[in-house]
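Colleague: Got a structure for you, questions after.
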Amino acid sequence: ISISAPLLQSASTEIAIEENNLLPKVDLPSLSEAGGVQIVFNENLKKISLPRLTTINGGFSVDSNPKLTKLCASKLVNGGSVCIGNDLNQPFLDADLSELVTGSLLNFG
34 ISISAPLLQS ASTEIAIEEN NLLPKVDLPS LSEAGGVQIV FNENLKKISL
84 PRLTTINGGF SVDSNPKLTK LCASKLVNGG SVCIGNDLNQ PFLDADLSEL
134 VTGSLLNFG
């Protein structure tokens, strides 16, 4: 089981992926803009790929995904409020937010 939406380019409202305990991967390769992104409480999620995402008009929250090891949002420039965090027992998270210019970043865990 995985979430893949290769044709989704924009979402005017928030994209919420929550409490999917069998989900190992989220892949939204064409998404460039969203009203918000919330990916939380997914017990077996290991990888999030948002390679073309440049703008989030609301919040970007990725937390409480204890097995998450890879987050790619390398083209995100405008992130609104960006919250990345997890349980204290999370393995190392390789998070690529290398282009983030605008927004506030909160990292907890």
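Just so we're aligned: 141 in this note's numbering is position 108 of the sequence shown, and the numbers increase by one with no gaps anywhere.
Each residue gets a CB set at the ideal place from its N, CA and C atoms; glycine is no exception.
For a minimum of 3 consecutive residues, which ranges assigned as the beta strand (DSSP E) are wholly contained in the stretch 70-103?
Modeller: Listed in chain order, they are 80-82 and 92-96.
Colleague: Which residue or residues does DSSP assign as beta-bridge partners of Glu47?
Modeller: Taking the sequence shown and counting its residues from 1, the one referred to as residue 47 is at position 14. In the DSSP output, where bridge partners are listed per residue, Glu47 has Gly69.
Colleague: Among residues of its own chain, excluding the 5 on either side of Asn54, which ones have a beta-carbon nearer than 8 Å to its beta-carbon?
Modeller: As a first step, residue 54 must be located in the sequence shown, where it is residue number 21. Once the five neighbours on either side are set aside, the close Cβ partners of Asn54 are Asn75, Glu76 and Asn77.
Colleague: Mind checking Ile72: buried by the 16 CB within 10 Å criterion, or exposed?
Modeller: As a position in the sequence shown, residue 72 is number 39, starting the count at 1. Result: buried.
Colleague: Would you list the one or two residues that DSSP bridges to Ser37?
Modeller: Within the sequence shown, the letter at position 4 stands for residue 37. The partner list for Ser37 (beta bridge, DSSP) reads Asp60.
Colleague: Assign Ser114 to one of three DSSP states: helix, strand, or coil.
Modeller: By one-based count along the sequence shown, residue 114 stands at place 81. Strand, per DSSP.
Colleague: Starting from the C-beta of Lys80, find all residues in its chain whose C-beta is less than 6 Å away, skip the five residues before and the five after it, and write them out in chain order.
Modeller: Taking the sequence shown and counting its residues from 1, the one referred to as residue 80 is at position 47. Closer than 6 Å at Cβ, skipping near neighbours: Lys58 and Lys103.
Colleague: Could you give the distance in angstroms between the alpha-carbon of Thr87 and the alpha-carbon of Ser97?
Modeller: In the sequence shown, the residue the question calls residue 87 occupies position 54. In the sequence shown, the residue the question calls residue 97 occupies position 64. Answer to the nearest angstrom: the Cα atoms are 23 Å apart.
Colleague: Quick one: residues in its chain with C-beta nearer than 8 Å to the C-beta of Ser107, no 5 flanking neighbours on either side, listed in chain order?
Modeller: For the purposes of this step, residue 107 is identified with residue 74 of the sequence shown, where counting begins at 1. Same-chain partners within the cutoff: Pro84, Asp129, Leu130, Ser131 and Glu132.
Colleague: Just the Cα atoms here: how many angstroms apart are Pro39 and Leu56?
Modeller: On the sequence shown, position 6 is the one that residue 39 refers to. On the sequence shown, position 23 is the one that residue 56 refers to. Rounded to whole angstroms, Pro39 to Leu56 spans 17 Å at the Cα level.
Colleague: Can you round the beta-carbon distance between Gly69 and Gly92 to whole angstroms, since I take them to be within the 8 Å contact cut?
Modeller: Translated into positions along the sequence shown, residue 69 becomes position 36. Translated into positions along the sequence shown, residue 92 becomes position 59. Confirmed, Cβ separation roughly 5 Å.
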